[in-house]
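*Asks:* Have a look at this one.
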Amino acid sequence: MQWLGLYNYWIVIVLMMTGFYIVIAQSNLIKKIIGLNIFQTSVFVFYISLSKRDGGTAPIYVAGTTDYSNPLPHVLILTAIVVGVALTAMGLALAVRIYEAYGTIEEDEIQARDDSEQ
Amino acid sequence: MEHLAALQVIVPLLAAVLVMPLVRWPRTAWVVTTGAAWLTLGIALGLLRQVLADGTVHYAHGGWEPPWGIEYRIDALNAFVLLIVSGVSALVMPFARLSVQREVPHARIAWFYCAFLLANGGLLGIAITGDAFNIFVFFEISAIASYALIAMGRNRRALLSSFQYLVMGTIGTTFLLIGIGFLYIMTGTLNLADLAQRLPGVTDTATIRTAFAFISVGVCVKLALFPLHLWLPNAYTYAPSIVTVFLSATATKVAIYVLLRFFYSVFGVEFSFDTLPMGTVLMPLALLGMVLPSLIAAFQTDIKRLLAYSSVAQVGYIILGISFATSLGLMAAVLHLFNHAVTKAALFMAVGCIVYRTGGAGLDRVAGIAREMPWTMGAFVLAGLSLIGIPLTAGFVTKWHLVLAALDSGRWPIAVVVLATSLLAVVYVWKVIEAAWLQPRPIGAPRLREAPAELLVPTWLLALASLFFGIHTDFTVGMASRAAAILLGGWP
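If you're matching them up, the sequences are chains U and D in order. Mapping of the first sequence onto this note's numbering: position 100 corresponds to residue 100, and the numbering continues sequentially without gaps. Mapping of the second sequence onto this note's numbering: position 185 corresponds to residue 185, and the numbering continues sequentially without gaps.
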């Protein structure tokens, strides 16, 4: 049952596809942002789990431990989380502006309002 | 002088912070931004001189030696890209003051320049860095700033265009992040040069092939390769004029640079084009991307949208050059990075002049406009000729090399397609010229004045540059052949 042992990667794949599907299938802009967040989070989980060793500890010298997890991907993901927060803020700000301009955040309704304007 | 490489990115990023609080003093914000942009250009020229004199420039950030620290690594290829980005942003700035005053609300002008500098610094960062994860971070810095810039367009459609770009752009960069993660698992390094050395030992694995797929697709979204270009036409159409000039000349170019770097320098030409069939994948997409968007452009009624579709087609030319995987093809691709940046910036600036005087870029607005704005439309014609690829213009130099590359690799039908799509470019460029020069002004239309000299001078400078680099090709062809040699030779 080797594939069960890699369950963290299965979680990554499921999360990634869920997020991706929400981004594509939903026309509500806020739901799209939620989808993007899930999609990005799956990548965070991927980075974090790939550097974890069974029984490994934080890379601080402690007598008696020889097994360490790799801290670098964890640090990278701290940066990526910050980037993700900035993107979410940007997306939400745009959604607010769109709501002010159109009175809706459903993509198809926005398009309909633009088309009827012409 | 040894810190030039770091300053290349630090100057625009620091200036962005300085500009942000100047909400009440938009003019000062513009002065600071212009100063930073020209200083950045000076640094890029300094780096280029160093590269030409001593070869590759290495800069270890904070004194941490690569591959542990972040390394900036500048060779002929990215020195050239840095010159394109900083040159365009410097030339855009004199144009920006009036154009931004007209198109951006007064209270947001300082923030506009702040976002502009962030986008500029991000793009320069992508081009200069030698670290894979750093590329991702700079991609996002420039992308988030570009979303803000696009959303400042006057039409409310700018908002949704920006949102759609945000969704597609984020998926693209996240794909890049996944790919970099796979590379890291297999090699334990993020330094591009170090990756290039360690990858050959592990290339024959599904992990590396998956990494390659994620990175290719992610970067292709950012560079708007057909059919992943859907974000581009709306974003370019509704963004403020100055943003369209800047993004069309730089953003997709830098993404193409990243693709070149990964395909040729990191994965290596054998892996990308022999082990994996990237030539046969990219070539049909490039050809479709040249033909279909050119056809769509011919049916547009808005000049900005017409030129935006033309930009998608031009990306097709560059990718076609890359897909040959030959020295001539790469030369054509790198040449077109430069030539198209100059040409398209001139065209979008001419459109910016039209928008400044008429308030829009619809074809109906420009009817007969050339009698009242002959200088603006003169620049448009000159740059339009370069877009088509008439001899003695920069566009011709690229197409000439592209046709040579096609014939050299024994694919003459592709040479025919390149020439045929040039005819399509004649159709859509002529559409604008015909409307502006031959049609009468609508009866009762208000009399227009020529655009102010502050807008015309940068426009003409770029238009004349597209002529100059068509006649004096030593510099561009020299840089392109050095870049091609570096890409094909692998990293020492």
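Idealized CB from N, CA, C, for every residue including glycine. In this text the structure is predicted, and so the values were computed from the model without any measurement.
Thinking just about the alpha-carbon of each residue, which of D:V51, D:L288, D:L328 and D:A325 is nearest to the one in G316 (chain D)?
*Replies:* Ranking D:V51, D:L288, D:L328 and D:A325 by Cα distance to G316 (chain D) puts D:L288 first.
*Asks:* Is the Cβ-Cβ distance between V397 (chain D) and T326 (chain D) less than 8 Å?
*Replies:* No. Outside cutoff.
*Asks:* Since P240 (chain D) and V104 (chain D) should fall inside the 8 Å C-beta cutoff, what is the C-beta to C-beta distance between them, to a whole number of angstroms?
*Replies:* So it is a contact: roughly 6 Å between Cβ atoms.
*Asks:* Using the beta-carbon count (16 or more within 10 Å), is D194 (chain D) buried or exposed?
*Replies:* Classification of D194 (chain D): buried, given that the 10 Å Cβ count is 16 or more.
*Asks:* Going by C-alpha to C-alpha distance, which of D:A143, D:A115 and D:F138 sits closest to I126 (chain D)?
*Replies:* For the residues D:A143, D:A115 and D:F138, the minimum Cα distance to I126 (chain D) belongs to D:F138.
*Asks:* Runs of 4 residues minimum, wholly inside the region 2–57 of chain D: which ones carry the alpha helix (DSSP H) assignment?
*Replies:* Those alpha helix (DSSP H) runs which fall completely within the region 2–57 of chain D and span 4+ residues are 4–19 and 26–54.
*Asks:* Grab me the residues of L39 (chain D)'s own chain with a C-beta within less than 7 Å of its C-beta, minus the 5 sequence neighbours each way, in chain order.
*Replies:* Contacts found: V11.
*Asks:* Under three-state DSSP, which class holds G63 (chain D)?
*Replies:* Helix.
*Asks:* Any idea which residues DSSP pairs E106 (chain U) with across the strands?
*Replies:* E106 (chain U) pairs with U:N28.
*Asks:* Starting from R365 (chain D), find everything on chain U with Cβ-Cβ shorter than 8 Å and list it in chain order.
*Replies:* Residues of chain U passing the Cβ test: none, with the nearest at roughly 15 Å.
*Asks:* Would you kindly work out how many angstroms separate the C-alpha atoms of Y428 (chain D) and A298 (chain D), rounded to a whole number?
*Replies:* When rounded, the distance between both Cα atoms is 5 Å.
*Asks:* Under three-state DSSP, which class holds N120 (chain D)?
*Replies:* Helix, per DSSP.
*Asks:* Listed in chain order, which residues of the region 196–216 of chain D have Cβ atoms closer than 8 Å to some Cβ of chain U?
*Replies:* Within the region 196–216 of chain D, no residue has a Cβ that lies closer than 8 Å to any Cβ of chain U.
*Asks:* Would you identify the three-state DSSP class for G362 (chain D), choosing helix, strand or coil?
*Replies:* Strand.
*Asks:* Considering only residues of the same chain and omitting the five flanking positions on each side of R49 (chain D), which have a CB-CB separation below 8 Å?
*Replies:* Excluding residues within five positions, none has a Cβ falling inside 8 Å.
*Asks:* Runs of 4 residues minimum, wholly inside the region 382–410 of chain D: which ones carry the alpha helix (DSSP H) assignment?
*Replies:* As far as the region 382–410 of chain D is concerned, its whole alpha helix (DSSP H) runs of at least 4 residues are 394–408.
*Asks:* Does the beta-carbon of S120 (chain U) have 16 or more other beta-carbons within 10 angstroms, so that it is buried, or is it exposed?
*Replies:* As displayed, chain U neither begins before 1 nor continues past 118, which places residue 120 (chain U) out of reach and without an answer.
*Asks:* Kindly examine the ligand FMN and report whether one of its heavy atoms sits closer than 7 Å to the Cβ of P442 (chain D).
*Replies:* As presented, the structure is devoid of all ligands, the ligand FMN included, so that no description of it is given.
*Asks:* I'd like to know if I34 (chain U) contacts chain D, where contact means its C-beta is closer than 8 Å to some C-beta of that chain.
*Replies:* Cβ-Cβ to chain D under 8 Å: no for I34 (chain U).
*Asks:* So, at 8 Å on beta carbons, what are the nonlocal neighbours of W412 (chain D) in its own chain, with the 5 sequence-adjacent residues on each side left out?
*Replies:* Same-chain partners within the cutoff: A406.
*Asks:* Closer than 7 Å by C-beta to G69 (chain D): which residues in its own chain qualify, once you throw out the five before and the five after it? Chain order, please.
*Replies:* These residues qualify, in order along the chain: A60, H61 and G62.
*Asks:* Are the Cβ atoms of F226 (chain D) and L292 (chain D) separated by less than 8 Å?
*Replies:* Yes. Within cutoff.
*Asks:* Taking the continuous alpha helix (DSSP H) assigned at E454 (chain D), which residues delimit it?
*Replies:* Where E454 (chain D) is concerned, the enclosing alpha helix (DSSP H) stretches over A453 to I471.
*Asks:* Could you have a look at R482 (chain D) and say whether DSSP puts it in helix, strand or coil?
*Replies:* It is helical.
*Asks:* Any idea what DSSP makes of N70 (chain U), helix, strand or coil?
*Replies:* If DSSP states are grouped into helix, strand and coil, N70 (chain U) belongs with coil.
*Asks:* Could you list which residues in chain U have their beta carbon closer than 7 Å to that of F133 (chain D), in chain order?
*Replies:* Per Cβ cutoff of 7 Å: L76.
*Asks:* Cutting at 7 Å between CB atoms, please list the residues of its own chain near V452 (chain D), excluding the five before and the five after it.
*Replies:* In the sequence under discussion, the amino acid at residue 452 (chain D) is Pro, which differs from the Val named in the question. The answer, listed in chain order, is L98.
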